[in-house]
Amino acid sequence: MSNGVQNILLVGVGGQGTLLASEILSEVLMLSGYDVKKAEVHGMAQRGGSVVSHVRFGSKVYSPIIPEGQADILFGFELLETYRYLPLLKKDGQVVVNDFEIAPPGVALGKQEYPADIAAHIKETFPRSCVVEGIVLAKEAGNMRTVNTVLLGSLSTMMDIDQGLWYQALTNMVPQRFLEENIRAFELGRQAQRSRSD
Amino acid sequence: MEKTILSGNEAIARGAYEAGVGVASAYPGTPSTEILENIIRYPSIDASWAPNEKVALEVGIGASFGGVRALVTMKHVGVNVAADPLFTLSYSGVRGGLVLVVADDPELHSSQNEQDSRHYARFAKVPMFEPSDSEEARLFTRLAFEASERFDTPVMLRTTTRISHSKSIVHPDDNVLKPAKADLHRDPAKFVMLPGNARKRHYFVEQRLKDMAQWSCEQDFNRIEEGSDKVGVITSGIAYQHAKEVLPEASVLKLGLIHPLPKDLIRQFAKRFETLYVIEELDPFIEEQVRAMGFAVHGKDKLSVCGELTPGRVAEGILGQPIPHAFEHKEELPQRPPNMCPGCPHRGVFHALNRLKAYVTGDIGCYTLGFMPPLSAMDTCICMGASIGNASGLARVLSEEQRQQVVGVIGDSTFLHTGVNGLMEMVYNDAAATVIILDNSTTGMTGRQDHPGTGYKLKGDTAHKVDLVGLCRSIGVEHVHVIDPYEMDATRDLIKREMARPAVSVIITQRPCMLHKRDILEKRPPLFVDADKCTACKACLSLGCPAIKWNPKGGAKGLAEVDKMLCVGCGVCQQVCKFGAFGVCDE
């Protein structure tokens, strides 16, 4: 177990399930024996806004907020939101991003343009990053709504955590009737990333 | 119980359960809401939503006078509403312990102001604990109840958003107290705060603060973490965590009780250091008191009074370390503010108000988003319940012609919170204006909580449902109308007619929230845009519905498109489109 605090920033759009993913991630980190803190802002019920969740772990974590420019991994559920929070990533940081666009209001109204080639920009600055076809793999797992678990599977390849503990965390956090498809989704996300880095 | 990860709010609920709380009352308010939503996991606690924070505190006081421990929770602005009973409760003291949790919101993540509730503790002469993580949130809740009974005082427990909504590891205590049995206990000299009694209690209150300050010097919720003999830091709450991260070498006096301050302990600590910092969020509350004790101290000369602290901001302010950036954006990115949901019943009402050029006095709730473009139909918003009073005041000073433009808009929960008082005023003083109650059968903004108008209680069991029409009539409103806001033309015609009326009138728009907890929504198939009929007039975009997206490359002049994943088939866009381009999918 490393003494230095590791920082993962999860970002997405309200309604995508970013917060549930950060719950599962925190659970697996606690099961791994780390001190873990998680911070996010929620409470406004409306959907569609920018959502950010900080997860920090190590032998002892003080602040629940990731200091600016010190995120090790940026874990994104939507391209523009991931791009927005790149400045929080540290120099040799990594990005795991879902290859998916949701138009913000200005774009939906035809007044602004969705930035082009975000994935390429990300890879240029942070070469160890990966783009995951979350929706395609979630469909393959049998349920569109398992996108987050697919992405967690990809993220897991960047972390030194026993695979069994991930299953344990999923079992603890996902309702029993959805567990099987979520395990499948996790596997698909993990394999997709593995095959890429092989 | 084994260790677990809990949010500050979940930990407070657990702490209250462990402390043998019998009654819990609150009005939902971010970031305090989840305390009561979690407390219902413990059936020994009678937990309920109150119509507002003042009533919630009054419920708590009643239970306390009956000898039962009571928890009352609210967000910072709620204390303004509850301040009246709070200040007198400070005099009467308690019987069963009473803890008032107040959740501040530095950075205004979801609030109308940044308010430092520590001043309320000082102002009302009430002690205040401040936890710095979830485990302390649990522990300090227990402690607060013990202190409440020991010193015969209500106790405030202050959290901030980053305590309430952050999760960290908690070790629940299996030593759980049972709620006390209530009984009637007559003690008018203590419970009846008329001048003759209250005058005597004021001396008690002053002595209590002195006693508590002394006691606090020897308690381990205040602790010194020894480090450097040159740099000392006095801090509390979440600021402690940032300080520890940024200044790992410094000696730290971490305060758990931040009112009254343990002055002897502070004196002993402060005199040892060449450089002394007070690191605290929002106002220089501790700093000013330490300075008044004669110590030179740095604090708000280096850290902002506005906004929340982060480790980066502390490092920048105290150490002068600039925030590092491996990547900076060169272009401006499209913002992504929250929006009313697809199918939100409020959308059409604001569309109509915009078209009618109404001057809208607004209120606190999801519908405050009616301010955002393209709906752009809100002109004022001050606090819970203010919309109707604001409309009443405006109506009285405007000319007859301009008065007709004034419309107060308020949600059902907010109306019952404090809006109803404004309506009474409006009728009583003949302020001719129009009021729209957006009744979506829930408290939407804070996450769909029930209230006296929904017919359900906190734990989900059924309740008497306040009849809003009957209530308005009983107040004396002669013109009360109910309408389905999905019927756009009828809604707009009704608003237009009532705006012109030289008398108080109330329009109640009734449609459940799209995220309503209970399955009371009729499912409708999504819509689609017929590319042949769309003339690219963009009228549908004026609704700001997240399900409708402009495709500049579609058709000859661009094309509106519906995202079938998001569309709930409310049909409002169909009514806005003059060309019949919106069709219903076959499903």
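These protein sequence lines are chains F and B, in that order. The opening residue of the first sequence carries number 0 in numbering that gives the first Met the number 0; numbering runs sequentially from there. The opening residue of the second sequence carries number 0 in numbering that gives the first Met the number 0; numbering runs sequentially from there. For glycine and all other residues, C-beta sits at the position ideal for the given N, C-alpha and C. All values derive from a computational prediction rather than experimental measurement.
Checklist entry - Should GLY579 of chain B and LYS532 of chain B be called a contact, given that it needs their Cβ atoms to be closer than 7 Å? => result yes
Item to check | TYR427 of chain B - containing alpha helix (DSSP H), residue span | outcome: 419–427
Next on the checklist: According to DSSP, is ASP438 of chain B part of a helix, a strand, or is it coil?
Outcome noted: strand
Checklist entry - Which residue or residues does DSSP assign as beta-bridge partners of CYS129 of chain F? => result F:VAL95
Checklist entry - Using a beta-carbon distance cut-off of less than 8 Å, what residues from the region 306–317 of chain B approach chain F? => result THR309, PRO310, GLY311 and ALA314
Next on the checklist: Let's see if you can read the secondary structure: which residues bound the alpha helix (DSSP H) around PHE190 of chain B?
Outcome noted: 187–190
Checklist entry - With 16 as the cutoff for other CB atoms within 10 Å, does CYS512 of chain B come out buried or exposed? => result buried
Item to check | Whole-angstrom distance between TYR84 of chain F and ARG222 of chain B, CA atom to CA atom | outcome: 37 Å
Checklist entry - Can you give the Cα-Cα distance for SER147 of chain B and VAL93 of chain B, rounded to whole angstroms? => result 7 Å
Item to check | Interface partners of LYS301 of chain B on chain F, CB under 7 Å | outcome: Ordered by position in chain F, no residue passes the 7 Å Cβ test against LYS301 of chain B, which lies about 17 Å from the chain.
Item to check | Span of the alpha helix (DSSP H) around PHE349 of chain B | outcome: Per DSSP, PHE349 of chain B belongs to the alpha helix (DSSP H) from 346–354.
Item to check | Stretch-stretch touch, CB-based, cutoff 8 Å, three pairs: the region 298–307 of chain B with the region 135–152 of chain B | outcome: no
Checklist entry - Taking 6 Å as the cut-off, does the CB of GLY446 of chain B come closer than this to any heavy atom belonging to the ligand SAM? => result Looking at this structure, you won't find the ligand SAM or any other ligand, since it has none at all.
Checklist entry - If you count every other CB in all the chains shown that lies within 10 Å of the CB of GLU179 of chain F, and 16 or more means buried, which is it? => result exposed
Item to check | Contact list for the region 330–344 of chain B against chain F, Cβ threshold 8 Å | outcome: GLU330, LEU332, PRO333, GLN334, ARG335, PRO336, PRO337, ASN338, MET339 and CYS340
Next on the checklist: Counting only Cβ pairs nearer than 8 Å, list the residues of chain F close to GLU327 of chain B.
Outcome noted: PRO86
Next on the checklist: Output needed in chain order: residues of the region 85–113 of chain F with a Cβ under 9 Å from some Cβ in chain B.
Outcome noted: Only LEU85, PRO86, LEU87, LEU88, LYS89, LYS90, ASP91, GLY92, ILE101, ALA102, PRO103, PRO104, GLY105, VAL106, ALA107, LEU108, GLY109, LYS110, GLN111, GLU112 and TYR113 from the region 85–113 of chain F bring a Cβ to less than 9 Å from some Cβ of chain B.
Item to check | Assigned exposure category for CYS539 of chain B - 16 Cβ within 10 Å defines buried | outcome: buried
Item to check | Residues from the region 125–136 of chain F in contact with chain B, defined by Cβ distance under 7 Å | outcome: none
Checklist entry - Would you report the Cα separation of GLY32 of chain F and ILE38 of chain B, rounded to the nearest angstrom? => result 28 Å
Next on the checklist: Measuring alpha carbon to alpha carbon, tell me which residue in B:ALA197, B:VAL575 and B:MET339 is nearest THR87 of chain B.
Outcome noted: For THR87 of chain B, the nearest C-alpha among the options comes from B:ALA197.
Item to check | Which residues DSSP lists as bridging ILE519 of chain B, in chain order | outcome: Per DSSP, none; premise fails for ILE519 of chain B.
Checklist entry - Any C-beta of chain B sitting closer than 7 Å to the C-beta of VAL50 of chain F? => result Chain B, which has no Cβ nearer than 7 Å to the Cβ of VAL50 of chain F, makes this no.
Checklist entry - Counting along the chain, where does the alpha helix (DSSP H) carrying GLU26 of chain F start and finish? => result 17–30
Item to check | Range of the contiguous beta strand (DSSP E) that encloses MET155 of chain B | outcome: 154–159
Checklist entry - CA-CA distance, VAL94 of chain F and HIS53 of chain F? => result Within the model, the alpha-carbon separation for VAL94 of chain F versus HIS53 of chain F is close to 14 Å.
Item to check | Contacts around TYR239 of chain B, its chain only, beta-carbon distance under 6 Å, and the 5 residues preceding and following it disregarded | outcome: SER131 and LYS253
Next on the checklist: Distance check for ASP186 of chain B and LYS180 of chain B, CA to CA, integer angstroms please.
Outcome noted: 18 Å
Checklist entry - CB-CB under 7 Å to ALA191 of chain F, same chain, minus the five flanking residues each way: which ones, in chain order? => result VAL131, LEU136 and SER153
Item to check | Below-7 Å beta-carbon distance, PRO187 of chain B vs any chain F residue | outcome: no
Checklist entry - Which residue comes first and which comes last in the beta strand (DSSP E) that contains ARG472 of chain B? => result Where ARG472 of chain B is concerned, there is no enclosing beta strand (DSSP E), although the alpha helix (DSSP H) it sits in stretches over 467–474.
Checklist entry - To which residues of the same chain is ALA314 of chain B closer than 7 Å at the C-beta, ignoring the five residues directly before and after it? => result Correct list, in chain order: VAL245 and GLN320.
Item to check | Option nearest PHE190 of chain B by Cα separation, candidates B:GLU57, B:GLY418 and B:ALA376 | outcome: B:GLU57
Item to check | Classification of VAL232 of chain B by the beta-carbon crowding that lies within 10 angstroms, buried from 16 upward | outcome: buried
Checklist entry - How would you list, in chain order, the residues of chain B whose beta-carbon sits under 9 Å from the beta-carbon of ARG193 of chain F? => result By Cβ distance, chain B contributes nothing, its closest Cβ being about 27 Å from ARG193 of chain F, past 9 Å.
Next on the checklist: So GLU26 of chain F contacts chain B; which residues on that side make the cut at Cβ distance below 8 Å?
Outcome noted: ILE4
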